[in-house]
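Heads up: the structure comes next, in structure tokens.
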Amino acid sequence: MREKDGNGTGEVQKGEDGSKGELKPTFEAACYPDGSLTYPPHPVGPGGEAPVDTVDLSGYTAEVVTWTTSTATPPGVREPNTLAIVEFDVDGEPVRAIGQVTDEDEVAIGDEVEPVYAEELRDPDAGIREPASQSWDGYRFRPVE
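When we follow the working numbering, the leftmost residue of the sequence shown carries the number 4, and every step to the right adds one.
Here it is, written out as structure tokens:
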């Protein structure tokens, strides 16, 4: 059984006995009354209406639409840094996201990838912001073998 955590950033895994386990971060897209999806979620969708639900993209695979490798990255971001724009198919409705590709993997257009959680997408001590001022975790994309 799953329940949302108190701040909406993840789900708390619950055991069969009802005890709470580890926090599992979510990768949520917003669902709108017209059936469209957006990532990241927006307060108003393409049709001008508020979202009615969310879908956790971490349970889906996606297809690489395009990718690039940056060799001039901001402080704290790995160099080189491969980024991909990917498209998820959620019950026939497309939704795109951009993100880093896992360290050891290369991708090509058309590759199937899966989102994998990373505790740190960048080094919080190397940025210009205070480390506590934002979250540094998120998802990267790993090719599906």
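Beta carbons are placed, not taken as given, at the ideal position from N, Cα and C, and that holds for glycine.
Subject >> Spatial distance of residue 147 from residue 33 (CA atoms) >> reply: Distance between the alpha carbons of residue 147 and residue 33 is about 25 Å.
Subject >> Cβ pair residue 29, residue 56 closer than 7 Å >> reply: Going by C-beta atoms, residue 29 is not nearer than 7 Å to residue 56.
Subject >> Euclidean distance between Cα positions of residue 16 and residue 97 >> reply: Its pLDDT being 40, under 50, residue 16 is placed unreliably by the model, and the measurement read from it follows with that caveat. Looking at the two C-alpha atoms, the distance is approximately 28 Å.
**OP:** Return the chain-ordered list of same chain residues with a C-beta closer than 8 Å to the C-beta of residue 140, the five sequence neighbours on each side being excluded.
**Re:** Within the same chain, 28, 120, 121, 122, 123 and 124 come within 8 Å of residue 140 by CB-CB distance, once the 5 residues on both sides are set aside.
Subject >> Contact set for residue 116: own chain, Cβ-Cβ below 8 Å, skip 5 residues either direction >> reply: These residues qualify, in order along the chain: 64, 65, 66, 67, 87, 89, 104, 110, 144, 145, 146 and 147.
Original post:
Leaving out five residues before and five after residue 49 in sequence, what residues of the same chain have Cβ atoms less than 6 Å from its Cβ?
Top reply: Around residue 49, the same chain offers 39 as residues with beta carbons nearer than 6 Å, after the five sequence neighbours per side are excluded.
Subject >> Rounded Cβ spacing between residue 79 and residue 142 (contact assumed at less than 8 Å) >> reply: About 18 Å; that fails the 8 Å criterion.
Subject >> Continuous beta strand (DSSP E) stretch holding residue 118: start and end >> reply: Residue 118: member of the beta strand (DSSP E) spanning 115-121, first to last residue.
Original post:
Which residues in the same chain as residue 70 place their Cβ atom closer than 6 Å to its Cβ, once the five residues preceding and following it in sequence are excluded?
Top reply: Spatial neighbours of residue 70 in its own chain (CB-CB distance under 6 Å, excluding positions within 5 residues in sequence) are listed in chain order as 87 and 110.
Original post:
What whole-angstrom Cβ distance do residue 81 and residue 42 have, given they're in contact under 8 Å?
Top reply: Between residue 81 and residue 42, the beta carbon gap of about 23 Å keeps them out of contact (Cβ cut-off 8 Å).
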